[in-house]
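Residue 49 in UniProt numbering sits at position 49 of the sequence shown, and the numbers go up by one each step. Glycine residues also receive a C-beta, built at the ideal position from the N, C-alpha and C atoms. Because the structure is a prediction, the values reported are computed rather than measured. Read through the structure below, which is laid out as structure tokens, and then see the notes.
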Amino acid sequence: MSKPKGMPLTKEEIMLLVQKVEANPVIFSKATNASNNQLKDVTWSKITDDFNSLIVSSPRTPEQLRLKWENLKKAARKRSTKIRMNNLKTGGGKPDYIPPDEALDKVAAILGSTCEGYSVQFGGDAVVEEVEEMVQEAVVVDVPFDVENTPPVIVSPALSPHTPQPKKILFSSTISKGKLTRQTLTEDVKKSVKTRNLAIAEYYDAKRKKEEEIFVLKKRKLELEILEQEQKLEEKNKL
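Here's what the structure looks like:
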């Protein structure tokens with residue numbers, strides 16, 4: 001009879017696990033020697049003890065937390081790739097909605113360059129959808145032949161999630177004999193959407209780099225402690 005599975009981790013517990021893993025960079029070491037593997041096992045046991053002391057649900061085993069971390073890494077890489085491909089879309093149709101996920105964003109930042117596509121995190125995809133809807137609905141703006149005496153039609157799509165942009169004044173073109181022509185705003189608004197997406201990409205790329213720098217500093221801070229632990233384990237194994 002198979003062992004029943006435990007309850008899945010809550011969002012708070014997942015964030016706690018990510019924070020504990022981030023504080024122990026020895027886990028990210030690619031070395032596979034016996035000493036390093038033993039140190040990783042000890043570290044996971046320590047993480048598990050700390051984790052279980054801070055939660056109110058059923059206690060977890062090191063194997064369960066380790067498996068959860070591996071699944072989080074896979075999910076973060078998959079999500080980051082999807083975001084990157086989503087940002088590269090140039091054809092018609094709305095970009096896919098990618099819901100915000102604080103935990104996976106954090107995992108992606110920890111993984112750094114191994115998690116391609118993280119440079120654009122659509123934490124506010126709802127805003128993107130609103131702009132895209134405007135592209136679809138911006139059918140025509142008609143202005144009489146005598147444009148000097150007619151109030152302009154104002155369209156002001158947001159180009160950045162943080163910086164207000166000047167309003168655009170757009171008029172439809174006219175032909176001889178006072179006939180009106182119809183002019184769509186699609187191309188102009190699409191350019192605005194593209195500019196906005198680039199602004200979002202730059203913003204989140206800067207955010208990612210900052211988080212990576214913080215992680216590197218924490219990693220360096222713990223290097224001495226890790227070396228001491230390795231030395232203690234080696235001395236213990238010699239006895």
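CA-to-CA distance, residue j to residue i, given in whole angstroms
{"i": "Ala44", "j": "Glu12", "result": "It should be noted that the sequence gives Trp, not Ala, for residue 44. Near 19 Å, if we compare the C-alpha coordinates of Glu12 and Trp44."}
{"i": "Leu39", "j": "Val216", "result": "20 Å"}
{"i": "Tyr97", "j": "Gln231", "result": "49 Å"}
{"i": "Leu239", "j": "Ile226", "result": "20 Å"}
{"i": "Pro95", "j": "Glu223", "result": "42 Å"}
{"i": "residue 242", "j": "Lys209", "result": "The chain is shown only over 1 to 239; residue 242 falls outside these bounds and no answer can be derived."}
{"i": "Ala76", "j": "Ala109", "result": "9 Å"}
{"i": "Val56", "j": "Glu202", "result": "40 Å"}
{"i": "Tyr204", "j": "Glu211", "result": "10 Å"}
{"i": "Ala206", "j": "Ala31", "result": "30 Å"}
{"i": "Gln19", "j": "Pro100", "result": "18 Å"}
{"i": "Thr61", "j": "Lys218", "result": "26 Å"}
{"i": "Leu54", "j": "Lys194", "result": "45 Å"}
{"i": "Glu228", "j": "Asp50", "result": "20 Å"}
{"i": "Met85", "j": "Val107", "result": "19 Å"}
{"i": "Glu63", "j": "Ala199", "result": "41 Å"}
Nearest-angstrom beta carbon gap, residue j and residue i [assumed within contact, 8 Å]
{"i": "Glu234", "j": "Ser29", "result": "The pair is not a contact, with the Cβ atoms about 15 Å apart (cut-off 8 Å)."}
{"i": "Ser58", "j": "Gly6", "result": "6 Å"}
{"i": "Leu65", "j": "Thr48", "result": "6 Å"}
{"i": "Met15", "j": "Glu102", "result": "7 Å"}
{"i": "Lys74", "j": "Leu9", "result": "Rounded, the Cβ-Cβ distance is 15 Å, inconsistent with contact."}
{"i": "Asn197", "j": "Asn52", "result": "That pair is no contact at about 43 Å."}
Check: residue i C-beta below 8 Å from any heavy atom of the ligand GTP
{"i": "Asp105", "result": "The model depicted lacks the ligand GTP and carries no ligand whatsoever."}
Neighbour-count burial assignment, residue i, 16 or more Cβ in a 10 Å radius
{"i": "Asp41", "result": "exposed"}
{"i": "Asn37", "result": "exposed"}
{"i": "Asn33", "result": "exposed"}
{"i": "Asp105", "result": "buried"}
{"i": "Leu17", "result": "buried"}
{"i": "Ile214", "result": "exposed"}
{"i": "Arg237", "result": "Inspection of the sequence shows that residue 237 is occupied by Asn rather than by Arg. Counting Cβ neighbours within 10 Å, Asn237 comes out exposed, since fewer than 16 surround it."}
{"i": "Arg220", "result": "exposed"}
Residue i (DSSP reduced to helix, strand or coil)
{"i": "Met15", "result": "helix"}
{"i": "Leu72", "result": "helix"}
{"i": "Arg208", "result": "helix"}
{"i": "Thr48", "result": "helix"}
{"i": "Leu239", "result": "coil"}
{"i": "Thr81", "result": "helix"}
{"i": "Pro62", "result": "helix"}
{"i": "Gly112", "result": "helix"}
{"i": "Asp41", "result": "helix"}
| Are the region 73 to 80 and the region 17 to 35 in contact at 8 Å, needing three or more beta carbon pairs? | no
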